[in-house]
Amino acid sequence: MRIYAFSMLRLMLLAGTVATAEGCNSSREDSPAAQPKMTDKEQEAWKLVEDFIAAHESWERQAYGDWKAPGTAVDGNQLTPEGLDRMRRANDNYAKTLSPFFVPGVEVSAPGWGSTPVHASDAESVESAAEQSGTVIIRTKSTPQYGTFTATETFEYTLKDVDGTLRIDSIEWTPDP
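Have a look at this one:
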(Lines of atoms letter the chains of each structure in order from A and count residues from 1; the text may use other names and numbers.)
(Lines give C-alpha, C1' and ligand atoms only; values in the text may rest on other atoms or scores of the structure.)
Protein backbone atom coordinates (compact mmCIF):
# COMPACT_ATOMS: atom_id res chain seq x y z
CA MET A 1 0.00 0.00 0.00
CA ARG A 2 1.30 3.46 -0.88
CA ILE A 3 1.24 6.28 1.62
CA TYR A 4 0.97 9.03 -0.96
CA ALA A 5 -1.46 8.41 -3.78
CA PHE A 6 -0.83 11.18 -6.29
CA SER A 7 -4.23 11.15 -7.95
CA MET A 8 -7.03 13.64 -8.24
CA LEU A 9 -8.92 13.66 -4.98
CA ARG A 10 -12.27 12.04 -5.58
CA LEU A 11 -15.39 13.80 -4.51
CA MET A 12 -16.85 11.80 -1.65
CA LEU A 13 -20.26 11.90 -0.17
CA LEU A 14 -19.66 11.06 3.45
CA ALA A 15 -22.51 9.70 5.47
CA GLY A 16 -22.68 10.60 9.11
CA THR A 17 -21.49 13.60 11.03
CA VAL A 18 -19.11 15.98 9.31
CA ALA A 19 -17.33 18.45 11.52
CA THR A 20 -15.61 21.46 10.07
CA ALA A 21 -12.73 23.35 11.54
CA GLU A 22 -13.46 26.85 10.33
CA GLY A 23 -11.04 29.25 11.87
CA CYS A 24 -8.60 26.51 12.84
CA ASN A 25 -5.01 27.34 12.11
CA SER A 26 -1.70 25.68 12.61
CA SER A 27 -0.96 27.60 15.79
CA ARG A 28 -3.50 25.23 17.31
CA GLU A 29 -5.51 27.97 19.00
CA ASP A 30 -8.51 25.81 18.17
CA SER A 31 -8.39 22.21 19.23
CA PRO A 32 -10.56 19.30 18.23
CA ALA A 33 -12.20 19.45 21.64
CA ALA A 34 -13.29 23.01 20.83
CA GLN A 35 -15.33 21.70 17.88
CA PRO A 36 -18.71 20.81 19.46
CA LYS A 37 -20.02 18.52 16.69
CA MET A 38 -17.04 16.17 16.65
CA THR A 39 -17.21 12.59 17.88
CA ASP A 40 -14.50 11.18 20.15
CA LYS A 41 -13.04 9.27 17.17
CA GLU A 42 -12.94 12.45 15.06
CA GLN A 43 -11.16 14.29 17.87
CA GLU A 44 -8.65 11.43 18.22
CA ALA A 45 -8.05 11.42 14.46
CA TRP A 46 -7.65 15.21 14.36
CA LYS A 47 -5.00 15.05 17.10
CA LEU A 48 -3.16 12.16 15.42
CA VAL A 49 -3.00 14.03 12.10
CA GLU A 50 -1.73 17.20 13.79
CA ASP A 51 0.94 15.15 15.59
CA PHE A 52 1.88 13.44 12.30
CA ILE A 53 2.24 16.83 10.57
CA ALA A 54 4.56 18.07 13.33
CA ALA A 55 6.65 14.86 13.32
CA HIS A 56 6.91 14.87 9.52
CA GLU A 57 7.97 18.52 9.50
CA SER A 58 10.65 17.86 12.12
CA TRP A 59 11.97 14.86 10.17
CA GLU A 60 12.02 16.76 6.86
CA ARG A 61 13.81 19.81 8.28
CA GLN A 62 16.48 17.50 9.78
CA ALA A 63 16.84 15.50 6.53
CA TYR A 64 17.12 18.66 4.43
CA GLY A 65 19.64 20.15 6.86
CA ASP A 66 21.76 17.00 6.63
CA TRP A 67 21.44 17.02 2.85
CA LYS A 68 22.64 20.63 2.59
CA ALA A 69 25.57 20.06 4.97
CA PRO A 70 29.07 20.29 3.53
CA GLY A 71 30.46 17.03 2.17
CA THR A 72 27.15 15.60 0.92
CA ALA A 73 27.68 16.02 -2.81
CA VAL A 74 30.34 16.84 -5.34
CA ASP A 75 29.37 19.55 -7.84
CA GLY A 76 25.89 19.57 -6.32
CA ASN A 77 24.70 16.36 -7.93
CA GLN A 78 26.98 13.39 -7.25
CA LEU A 79 26.71 11.96 -3.76
CA THR A 80 29.80 11.38 -1.69
CA PRO A 81 29.99 8.31 0.57
CA GLU A 82 29.07 10.62 3.46
CA GLY A 83 26.11 11.90 1.43
CA LEU A 84 24.90 8.33 0.83
CA ASP A 85 25.14 7.64 4.57
CA ARG A 86 23.08 10.77 5.27
CA MET A 87 20.41 9.64 2.81
CA ARG A 88 20.24 6.20 4.40
CA ARG A 89 19.99 7.75 7.86
CA ALA A 90 17.20 10.07 6.68
CA ASN A 91 15.25 7.12 5.24
CA ASP A 92 15.78 5.04 8.39
CA ASN A 93 14.76 7.96 10.61
CA TYR A 94 11.63 8.49 8.54
CA ALA A 95 10.48 4.92 9.11
CA LYS A 96 11.35 5.01 12.83
CA THR A 97 9.74 8.41 13.41
CA LEU A 98 6.58 8.01 11.37
CA SER A 99 5.74 4.27 11.40
CA PRO A 100 3.93 4.57 14.75
CA PHE A 101 1.33 6.81 13.07
CA PHE A 102 0.40 4.17 10.48
CA VAL A 103 -1.60 0.97 10.36
CA PRO A 104 0.78 -2.00 10.76
CA GLY A 105 1.76 -3.33 7.36
CA VAL A 106 1.65 0.03 5.59
CA GLU A 107 4.97 0.53 3.86
CA VAL A 108 6.43 3.73 5.27
CA SER A 109 9.18 5.02 3.02
CA ALA A 110 10.62 8.50 2.88
CA PRO A 111 9.46 10.81 0.13
CA GLY A 112 11.86 13.41 -1.23
CA TRP A 113 12.60 16.36 0.96
CA GLY A 114 13.29 20.00 0.38
CA SER A 115 13.57 23.44 1.88
CA THR A 116 9.76 23.61 2.10
CA PRO A 117 8.39 20.60 4.03
CA VAL A 118 5.56 18.59 2.48
CA HIS A 119 3.72 18.71 5.82
CA ALA A 120 4.31 21.75 8.06
CA SER A 121 2.40 23.00 11.08
CA ASP A 122 2.54 26.60 9.87
CA ALA A 123 1.15 25.73 6.41
CA GLU A 124 -1.22 22.76 6.85
CA SER A 125 -4.38 22.84 8.92
CA VAL A 126 -7.26 20.45 9.46
CA GLU A 127 -10.41 21.49 7.63
CA SER A 128 -12.79 18.64 8.36
CA ALA A 129 -13.25 15.31 10.09
CA ALA A 130 -15.85 12.70 9.17
CA GLU A 131 -16.45 9.33 10.80
CA GLN A 132 -17.98 6.55 8.75
CA SER A 133 -18.15 2.84 9.62
CA GLY A 134 -15.07 2.73 11.86
CA THR A 135 -13.02 4.89 9.49
CA VAL A 136 -12.29 8.57 9.95
CA ILE A 137 -11.45 10.86 7.04
CA ILE A 138 -9.47 13.98 7.89
CA ARG A 139 -9.06 16.64 5.22
CA THR A 140 -6.37 19.26 5.49
CA LYS A 141 -5.51 22.30 3.41
CA SER A 142 -1.88 23.20 2.95
CA THR A 143 -0.49 26.47 1.61
CA PRO A 144 3.28 26.01 1.38
CA GLN A 145 5.41 28.90 0.17
CA TYR A 146 7.88 28.14 -2.63
CA GLY A 147 9.85 31.34 -3.09
CA THR A 148 7.27 33.91 -4.15
CA PHE A 149 4.70 31.26 -5.13
CA THR A 150 2.15 29.93 -2.65
CA ALA A 151 0.70 26.55 -3.55
CA THR A 152 -2.65 25.26 -2.36
CA GLU A 153 -2.88 21.54 -1.71
CA THR A 154 -5.40 19.20 -0.15
CA PHE A 155 -4.49 16.08 1.81
CA GLU A 156 -7.01 13.43 2.71
CA TYR A 157 -5.97 11.14 5.56
CA THR A 158 -7.88 7.88 5.98
CA LEU A 159 -7.60 6.53 9.53
CA LYS A 160 -8.65 3.08 10.69
CA ASP A 161 -9.12 1.60 14.11
CA VAL A 162 -6.37 -0.82 15.11
CA ASP A 163 -7.10 -2.55 18.42
CA GLY A 164 -8.90 0.52 19.76
CA THR A 165 -6.41 3.10 18.46
CA LEU A 166 -6.72 5.11 15.26
CA ARG A 167 -3.85 4.88 12.78
CA ILE A 168 -3.31 6.36 9.32
CA ASP A 169 -4.07 3.88 6.55
CA SER A 170 -3.43 6.19 3.61
CA ILE A 171 -2.80 9.78 2.60
CA GLU A 172 -3.97 11.19 -0.71
CA TRP A 173 -2.58 14.43 -2.08
CA THR A 174 -4.15 16.76 -4.62
CA PRO A 175 -2.81 20.10 -5.80
CA ASP A 176 -5.69 22.54 -5.98
CA PRO A 177 -6.19 24.35 -9.28
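Going by the working numbering, the sequence shown opens with residue 1, and the numbers climb by one from there.
Even glycine gets a Cβ: it sits at the ideal position worked out from N, Cα and C.
All of these numbers come straight from a predicted model, not from anything done at the bench.
Residue i: CB within 6 Å of a non-hydrogen atom of the ligand PLP
{"i": "Thr165", "result": "Among the components modelled here there is no ligand, and therefore nothing to report on the ligand PLP."}
Proximity of residue i and residue j at Cβ, strictly below 7 Å
{"i": "Ser121", "j": "Ile53", "result": "yes"}
{"i": "Glu60", "j": "Pro100", "result": "no"}
{"i": "Thr148", "j": "Asp176", "result": "no"}
{"i": "Glu124", "j": "Thr39", "result": "no"}
Reduced DSSP category for residue i - H, G, I as helix; E, B as strand; rest coil
{"i": "Ser133", "result": "coil"}
{"i": "Asp85", "result": "helix"}
{"i": "Thr140", "result": "strand"}
{"i": "Val49", "result": "helix"}
Sequence-distant residues of its chain with Cβ nearer than 6 Å to residue i (five each side left out)
{"i": "Thr150", "result": "Thr143"}
{"i": "His56", "result": "His119"}
Beta-ladder partner(s) of residue i, from DSSP
{"i": "Pro192", "result": "The structure shown does not extend to residue 192, since the chain spans only 1 to 177, so no value can be given for it."}
{"i": "Thr165", "result": "Val162"}
{"i": "Phe102", "result": "Ile168"}
Same chain, Cβ closer than 7 Å to residue i, five either side skipped, listed in chain order
{"i": "Asp169", "result": "Val103, Val106, Thr158, Leu159 and Lys160"}
Residues near residue i by beta carbon distance below 8 Å, same chain, minus five either side
{"i": "Leu98", "result": "Phe52, Ala55, His56, Trp59 and Val108"}
{"i": "Asp66", "result": "Thr72, Arg86, Arg89 and Ala90"}
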